[in-house]
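Engineer: Below is one structure. I have some questions about it.
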Amino acid sequence: MASSLKNLSEYNPKTIPSASSMRFGIVVSEWNDDITSPMLIGAVDTLLVHGAKRENIFIAHVPGSFELVAGAKLLMKQHSPDSIICLGSVIRGDTPHFDYVCMGATNGIAALNANYDVPFIFGLLTTDNKEQALERCGGKYGNKGIECAITAIKMVALKQQ
Ligand code: INI
């Protein structure tokens, strides 16, 4: 299991660069919003804790995880942020739909990273059930939104070096 050994919220704050001059986009899926809302809060709070200004965080809500890529492209066009965090939760059901949504979002986010000179952060929870998702949006394995915010700050700092 990808996160069985890692708490997604744990990091050493001393190693995180200041985000005070950075601009961030966050695109978040409304599907499973009981999962994605705490991820969004975790991401925003973490950016603020590390110095980002509220007016430099641009948030777009999209209907489902399949729309994360289109939402990220819109944010890019409208606000030109230094990094975009993509947050979604796909939970396996009885049909192969799960696989197609995961594949579309994952390939799309990878393509954005390849085509833009900006880091797009992969905050898509892909779980077999709701319990696993709850464990990763503020439960026993931490909050994926926090991990993504830290990753975004680190990637912007890497580019600015
Ligand atoms: N979208 C999600 O973000 N999570 C899901 O679990 C999900 N399921 O299970 O169907 C889901 N489907 C919607 C999809 O992302 C698109 O919004 C829809 O297909 C319209 O394009």
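For the sequence shown, position 127 matches number 404 in our numbering, and the numbering has no gaps at all.
Ideal placement from N, C-alpha and C gives every residue a C-beta, glycine not left out.
1) Label residue 292 either buried or exposed according to how many other C-beta atoms from any shown protein chain fall within 10 Å of its C-beta, with 16 as the threshold for buried.
2) What span of residues does the alpha helix (DSSP H) with residue 334 cover, start to end?
3) Spatial neighbours of residue 336 within its chain, please: C-beta separation below 6 Å, excluding the five flanking residues on both sides.
4) Which residue's Cα is closest to the Cα of residue 299: 315, 328 and 310?
5) Please indicate yes or no: does the CB of residue 301 lie closer than 7 Å to some heavy atom of ligand 1?
6) Using the three-state DSSP reduction, which class does residue 360 fall into: helix, strand or coil?
7) Does the Cβ-Cβ distance between residue 395 and residue 359 come in under 8 Å?
8) Just checking, does the segment 314 to 321 make contact with the segment 413 to 422 on the three C-beta pairs under 8 Å criterion?
9) Taking the C-alpha atoms as reference points, what is the distance between residue 367 and residue 402?
10) Starting from the Cα of residue 306, find the closest Cα among 286, 290, 346 and 356 and give me that residue.
11) Let me check one thing: in DSSP terms, what residues is residue 397 bridge-paired to?
12) Round the Cβ separation of residue 334 and residue 301 to the nearest angstrom and send it over; I've been treating them as touching at under 8 Å.
13) Do residue 426 and residue 285 come within 8 Å of each other at the CB atom, strictly closer than that value?
14) Is residue 315 near ligand 1, in the sense that its beta carbon is under 7 Å from a heavy atom of that ligand?
15) I need the DSSP call for residue 441, collapsed to helix, strand or coil.
Structural biologist: Quick look at the numbers:
1) exposed
2) Residue 334 -> not in any alpha helix (DSSP H); beta strand (DSSP E) instead, spanning 334 to 339.
3) 303
4) 328
5) no
6) strand
7) yes
8) yes
9) 6 Å
10) 346
11) 361
12) 5 Å
13) no
14) no
15) Outside the modelled stretch of the chain, which goes from 278 to 438, sits residue 441, for which no answer is possible.
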